[in-house]
Structures are given as C-alpha cells and as structure tokens.
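*Asks:* Quick one: structure below, then a few questions.
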DNA sequence: CGATTTCCTTGATCGAAGTCAAATTGCCCT
DNA sequence: AGGGCAATTTGACTTCGATCAAGGAAATCG
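As structure tokens, then:
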C-alpha cells in the first residue's frame with residue numbers, strides 16, 4: 001500500500017478540509033471517513049444565528065470548520081451565562097443526549113460540517129480511537145469548565161476580563177502553542193457576550209477594559225482589535 | 001455457565017463491596033475485576049485530610065467507597081474555589097494526567113479503594129465498556145460543572161445557597177431517584193466549605209441559611225441536619 | 001466535667017459591581 | 001458624504017455581599 005493510494009481513498013470533500021487534521025476526523029481511517037462523509041454536509045451561519053436551543057431535540061453533531069460558537073444557559077427570568085466557547089475543529093453537540101442541555105449560537109460567521117446523530121454514535125461504537133479522542137476532549141473540556149468556575153467564583157472584575165482576554169489569546173495562536181511575548185487578536189465576542197461569559201454587566205466589562213487600556217496592559221483599536229504587548233503582565237492581572 | 005460459578009469468580013474483597021454495582025467496577029468482567037483487585041487496597045482518611053495536592057504527581061486512582069471529597073483550586077494569593085464534590089462510588093483522579101490539576105481533600109471520614117495509575121489505564125485500553133463508562137461519566141461531570149457556572153456567574157447569594165442544598169439533597173437520596181416532596185439529610189460540608197463552593201464568604205452563607213430558615217423553606221437542627229419540607233419550594237428559591 | 005478551640009451567627013460599616021441615564025463611537029446603508 | 005442605528009463608553013447613584021468585630025453554640029480534650 002503506497003501513500004498515493006491512501007490519499008486517493010480519502011473523500012473528496014475531506015481532502016480539502018481545513019480542519020481535517022485537528023478535528024475528530026484526524027483519528028478516522030479512510031473507510032470510516034467515507035462512512036461519515038456520505039452523510040455530512042456543510043452549512044453556513046451568520047453571527048447571532050441560533051444553532052441549537054436548550055431542550056431542543058438533538059438530531060446531529062457538527063464539526064466547527066470556521067468561526068466561533070457560544071454555548072449558554074438561561075435562567076427562567078432571562079439571566080444568561082455563557083458556559084463555553086467552541087472554536088475551529090471543535091465538535092458541537094452533547095454526545096448521546098436526546099435533548100440539548102445548552103443553547104448554541106454563532107458568535108461570528110460560522111461554517112459547520114454537520115453529521116447525523118446516529119452515524120457518529122455508531123462510529124464511536126466501532127472505533128476505539130474515536131472513543132478515546134472524545135474521552136480526551138471531554139476531560140479537557142471539564143478541566144476548562146472547572147478553571148472557569150474559579151474565575152466566576154473568586155476573581156474580581158478586572159481579573160475576569162484579563163482571564164477572558166488570555167483565553168481568547170490562547171485560542172487565537174492555536175492550541176498547544178506557547179503563549180509568551182506579545183500577541184495580537186480580534187475579539188470574537190461583543191461586550192454583551194463577554195459580560196455573559198464573565199458573570200458581569202456590560203458596563204463593568206467596559207470599565208475594566210478601559211482600566212486595562214489606561215494602565216497599558218492592552219492596546220485596543222476599533223473595539224474589537226486587541227494587542228497584548230506583554231502576555232506575562234496580562235497573566236499577572238488575571239489573578 | 002451457571003450463576004454460582006460466575007459469583008465464585010469474583011474476588012473476595014469485591015464480593016462484599018458496598019459500591020460494587022454503582023462504581024466503574026460494575027462494567028468489568030470477573031477476569032478484569034481480578035486484574036484490578038490484585039493491585040487494589042482500601043485506605044481510610046479522616047475529615048480534613050488532604051488526598052491529592054495541586055501539581056502533585058499522580059500515582060493512582062481511587063473509588064470512593066464511603067464519605068465525601070472536596071475538589072478545589074487555589075489562586076496564588078490563597079483565594080479558594082471548590083469545583084466539585086465526589087460521593088460514594090465516584091472515581092477519584094484526573095484520567096491520564098501526570099500531575100493533578102486539582103486538590104482533593106476529605107470533607108468527612110472517607111474510605112477509598114485505591115488502584116495504581118497504570119493498572120486502571122491499561123484496563124481502559126482493553127475494555128470498551130470501561131472506556132464508555134468513563135466517557136459517560138466525564139460528560140456528566142462536564143454538564144454539572146457548566147450548571148454550576150450558571151450558579152456562580154448569575155445567581156444571588158440566597159439562590160446559590162438554595163442550589164447547593166438541592167445538589168446535596170439530590171445526592172443524598174441517590175443518583176437517578178426523583179427529588180420531590182420532603183427530604184432530610186446531613187450537610188457533608190462545614191460553612192467554610194459551602195462558602196468556597198458558592199463563591200461567597202462564610203458570613204453571607206450563614207445569613208442566607210438563616211433567611212431560608214426564617215421563611216420556612218428549610219428546618220435546621222444542630223447546624224448540620226437539614227429538613228426540606230417542600231423540595232419544589234426550595235427549587236424555586238434556587239433560581 | 002470544665003476548659004479550650006473551632007464553628008457558627010449576628011450586627012455595623014464599607015466597597016465593588018450593578019443600575020439608571022446620557023453621551024460618543026463606529027458601522028451600515030442608501 | 002450623511003443619516004440612522006447599534007455598540008460602547010462614561011458618569012452618578014444604589015445595592016448586595018464583603019469586611020471587621022463581637023458573642024454564642026458545639027465539639028474536643030485533658
């Protein structure tokens with residue numbers, strides 16, 4: 001078996017996929033890829049579009065090709081809390097749940113690769129590698145959720161904002177890469193979303209950003225573009 | 001193969017185990033049980049004893065036989081946040097981590113069934129059922145962590161205390177059982193632990209408990225014993 | 001059994017973040 | 001380029017929970 005034939009065996013739509021080597025598809029054999037690709041299709045969504053509502057029946061999963069997705073929960077009286085962000089290559093959807101425990105909403109323009117619920121689930125049943133990958137991913141998501149519990153429970157407003165900037169900075173440079181020196185990125189969230197992620201009000205978020213800007217920890221142009229001249233300094237501000 | 005011979009094949013120490021049918025051991029074959037039991041031993045710990053420290057090297061996992069364990073993270077300046085509780089039958093330890101991301105401390109008297117890291121991990125590699133079970137568990141832990149993020153980010157002090165009482169009440173009646181009518185249980189946490197779980201101070205927790213007591217939502221005798229005459233009413237107070 | 005320590009409650013005051021209100025900025029769209 | 005709208009910033013004031021302080025109830029121990 002030479003490389004040529006292996007490559008040829010990959011579905012056409014997967015061969016050009018930008019997240020092919022970082023998504024769950026990275027652990028699938030070409031045969032498994034075919035099984036999945038035969039039922040997959042790409043969809044496009046604009047910022048603000050709801051992708052899944054709390055308590056909705058779950059009909060499928062999706063890999064995030066491009067864009068950022070907000071995961072949130074809402075209390076009966078309307079108070080909202082973001083509980084996670086999903087970036088490029090992440091898998092969207094609560095595995096095995098018949099109804100979604102969360103609301104998923106596009107924070108930016110989003111491209112998804114959707115697949116039917118049962119197709120992915122049966123693949124999990126037959127591929128130990130895929131199951132392992134999903135286990136690793138959910139353990140890491142759990143670590144991140146607990147880390148964020150510390151932010152929500154014990155940090156000041158300024159520390160929370162700094163923590164969020166760090167989190168987004170880390171994602172924007174790419175998973176696994178070290179975060180040092182200076183970083184530049186665009187915020188995928190509007191102030192309101194930041195407030196909902198941080199358990200604060202929009203006014204408090206704005207004031208804390210101004211404070212970080214005034215003390216030189218960050219430089220902001222046009223509300224969305226952020227420059228962090230010294231990541232270590234921002235990290236100290238994050239508590 | 002008759003039932004007698006199957007039962008006989010179970011390790012002696014497992015045959016009398018109180019959590020045998022609820023812990024990860026429930027999905028193991030008798031052969032796998034033997035592999036595990038050969039390297040397992042029970043340990044006993046008193047309230048307040050540290051079981052694992054943040055950044056400690058992880059040498060093993062443990063099933064909680066009896067008692068309650070606090071999982072926490074501490075900021076450099078000493079602020080502490082509980083990020084989870086582990087009850088009877090739960091598995092203690094972050095799978096695959098070489099160093100613990102959390103501190104684990106006994107909240108009450110605790111009995112553990114300890115097993116070496118590599119023994120469990122190799123069992124996960126060979127048993128699809130075990131891997132599935134661990135995946136299900138970590139997905140559920142993630143759901144709970146996110147649920148708690150809502151509590152920490154968006155609820156008032158009174159709602160947080162009510163939420164914690166509900167969480168403990170649900171665990172005390174047993175997983176999967178419905179929680180309605182009236183419930184009675186003992187708090188496994190002192191006020192200080194409650195405060196650290198809720199992102200509040202001990203004084204605020206005490207005041208909110210007094211408030212819930214004065215309005216008749218709960219009845220408390222001797223600081224630890226709680227009666228909830230109407231669970232639905234407590235649920236409304238939890239936001 | 002009384003002494004000591006730890007845990008819990010309650011009161012008085014303070015401060016960080018929330019609320020209400022009013023600019024200001026930037027973006028989209030003819 | 002200008003008008004309109006949504007997002008953001010900033011200011012004035014309020015409030016909820018933190019902090020500081022004291023006293024009371026329970027568990028622990030000699």
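Protein chains in written order, with the working numbering: chain A, 1 to 239; chain B, 1 to 239. No residue lacks a Cβ here, since even glycine has one placed at the ideal position from N, Cα and C.
Is the distance from the Cβ of residue 218 of chain A to the Cβ of residue 164 of chain A below 9 Å?
*Replies:* No, Cβ-Cβ distance for residue 218 of chain A and residue 164 of chain A is not below 9 Å.
*Asks:* Go through its chain and collect everything with a Cβ distance to residue 57 of chain A's Cβ below 6 Å, but skip five positions before and after it.
*Replies:* 99, listed in sequence order.
*Asks:* Can you check the segment 13–63 of chain A for any beta strand (DSSP E) of at least 3 residues that lies completely inside it and give the ranges in chain order?
*Replies:* The segment 13–63 of chain A contains these whole beta strand (DSSP E) runs: 41–45 and 50–52.
*Asks:* Please confirm whether residue 194 of chain A has its beta-carbon closer than 9 Å to some beta-carbon of chain B.
*Replies:* For residue 194 of chain A, the answer is no, since every Cβ of chain B falls outside 9 Å of its Cβ.
*Asks:* Beta-carbon of residue 61 of chain A versus every beta-carbon of chain B: anything under 9 Å?
*Replies:* Output row for residue 61 of chain A: interface = no.
*Asks:* Check whether the segment 137–144 of chain A and the segment 184–193 of chain A are in contact - that is, three or more C-beta pairs closer than 8 Å.
*Replies:* No, they do not touch.
*Asks:* Can you give me the C-alpha to C-alpha distance between residue 238 of chain B and residue 162 of chain A, rounded to a whole angstrom?
*Replies:* If I take the Cα positions, the gap works out to 30 Å.
*Asks:* Return the Cβ separation of residue 28 of chain A and residue 102 of chain A in integer angstroms, given the expectation that the two are a contact with Cβ distance under 8 Å.
*Replies:* Their Cβ separation, rounded to whole angstroms, is 26 Å, which puts residue 28 of chain A and residue 102 of chain A out of contact at 8 Å.
*Asks:* Between the C-alpha atoms of residue 233 of chain B and residue 213 of chain B, what's the straight-line distance to the nearest angstrom?
*Replies:* Each residue's alpha carbon lies about 13 Å from the other.
*Asks:* Could you say which of B/52, B/74, B/47 and B/82 lies nearest to residue 66 of chain B if we only look at CA atoms?
*Replies:* Checked all of B/52, B/74, B/47 and B/82; the closest Cα to residue 66 of chain B is B/47.
*Asks:* Compute the Euclidean distance between the alpha carbons of residue 17 of chain A and residue 183 of chain A, then round it to the nearest angstrom.
*Replies:* So the two alpha carbons sit approximately 27 Å from each other.
*Asks:* For the beta strand (DSSP E) that residue 106 of chain B lies in, which residues bound it at each end?
*Replies:* From DSSP, the beta strand (DSSP E) with residue 106 of chain B extends over 103–106.
*Asks:* Using a Cβ cut-off of 9 Å (strictly closer), state whether residue 75 of chain A contacts chain B.
*Replies:* Yes - at least one Cβ of chain B is within 9 Å of the one on residue 75 of chain A.
*Asks:* Mind checking residue 4 of chain A: buried by the 16 CB within 10 Å criterion, or exposed?
*Replies:* Reliability of the predicted coordinates at residue 4 of chain A is poor, the pLDDT of 48 falling under 50, and the value obtained from them is presented with this limitation in mind. Burial call: exposed.
*Asks:* Would residue 173 of chain B count as contacting chain A if we go by Cβ distances under 9 Å?
*Replies:* Closer than 9 Å: no.
*Asks:* Interface residues of chain B around residue 135 of chain A at Cβ under 8 Å?
*Replies:* The answer, in chain order, is 95, 131, 134, 135 and 138.
*Asks:* Against chain B, which members of the segment 150–164 of chain A pass a CB distance test of less than 7 Å?
*Replies:* Of all residues in the segment 150–164 of chain A, 150, 152, 153 and 154 have a Cβ within less than 7 Å of some Cβ in chain B.
*Asks:* In three-state terms, what does DSSP make of residue 70 of chain A?
*Replies:* In this structure, residue 70 of chain A counts as strand in the three-state DSSP scheme.
*Asks:* Quick one: residues in its chain with C-beta nearer than 6 Å to the C-beta of residue 89 of chain A, no 5 flanking neighbours on either side, listed in chain order?
*Replies:* Correct list, in chain order: 19, 22 and 23.
*Asks:* Tell me which same chain residues have a C-beta within less than 6 Å of the C-beta of residue 43 of chain B, skipping the five on either side of it?
*Replies:* Within the same chain, residue 43 of chain B has close Cβ partners 112 and 114.
*Asks:* Alpha carbon to alpha carbon, what distance is there between residue 196 of chain B and residue 55 of chain B?
*Replies:* The alpha-carbon atoms of residue 55 of chain B and residue 196 of chain B are separated by roughly 20 Å.
*Asks:* If you follow the beta strand (DSSP E) that residue 112 of chain A is in, where does it begin and where does it stop?
*Replies:* Element bounds for residue 112 of chain A: 110–116.
*Asks:* From residue 152 of chain A to residue 78 of chain A, what does the alpha carbon distance come to, in whole angstroms?
*Replies:* Their backbone Cα atoms lie some 19 Å apart in a straight line.
*Asks:* Just checking: is the beta-carbon of residue 79 of chain B within a distance shorter than 9 Å of some beta-carbon in chain A?
*Replies:* With 9 Å as the cut-off, residue 79 of chain B counts as an interface residue toward chain A.
*Asks:* My assumption, with CB atoms under 8 Å, is that residue 160 of chain A sits in contact with residue 198 of chain A. Please give the rounded CB distance.
*Replies:* With 8 Å as the limit, residue 160 of chain A and residue 198 of chain A qualify as a contact, their Cβ atoms being about 4 Å apart.
*Asks:* Could you check what DSSP says for residue 90 of chain B in three-state terms: helix, strand or coil?
*Replies:* Correct three-state label for residue 90 of chain B: coil.
*Asks:* Hey, does residue 83 of chain A have any beta-carbon neighbour from chain B nearer than 9 Å?
*Replies:* Yes, residue 83 of chain A counts as interfacial toward chain B.
*Asks:* DSSP puts residue 80 of chain A in a beta bridge; with which residues?
*Replies:* DSSP, once it has assigned bridges, lists A/74 as partnering residue 80 of chain A.
*Asks:* Pick helix, strand or coil for residue 204 of chain B, following the three-state DSSP scheme.
*Replies:* Helix at residue 204 of chain B.
*Asks:* What number of angstroms, rounded off, separates the C-alpha of residue 185 of chain B from the C-alpha of residue 12 of chain B?
*Replies:* Rounded to whole angstroms, residue 185 of chain B to residue 12 of chain B spans 33 Å at the Cα level.
*Asks:* In the structure shown, what three-state DSSP assignment does residue 227 of chain A receive?
*Replies:* Here residue 227 of chain A sits in strand by DSSP.
*Asks:* Helix, strand or coil for residue 151 of chain A, going by three-state DSSP, please let me know.
*Replies:* Of the three classes helix, strand and coil, the one that applies to residue 151 of chain A here is helix, per DSSP.
*Asks:* Terminal residues of the continuous beta strand (DSSP E) containing residue 221 of chain B?
*Replies:* Residues 219–221.
*Asks:* Under 9 Å between the Cβ atoms of residue 62 of chain A and residue 93 of chain A?
*Replies:* Yes; because the gap between Cβ atoms is below 9 Å, this pair is in contact.
*Asks:* Would a check of beta-carbon distances place residue 121 of chain B closer than 9 Å to chain A?
*Replies:* Chain A contact via Cβ: absent.
*Asks:* Within 9 Å of any Cβ in chain A, is that where the Cβ of residue 146 of chain B sits?
*Replies:* Chain A contact via Cβ: present.
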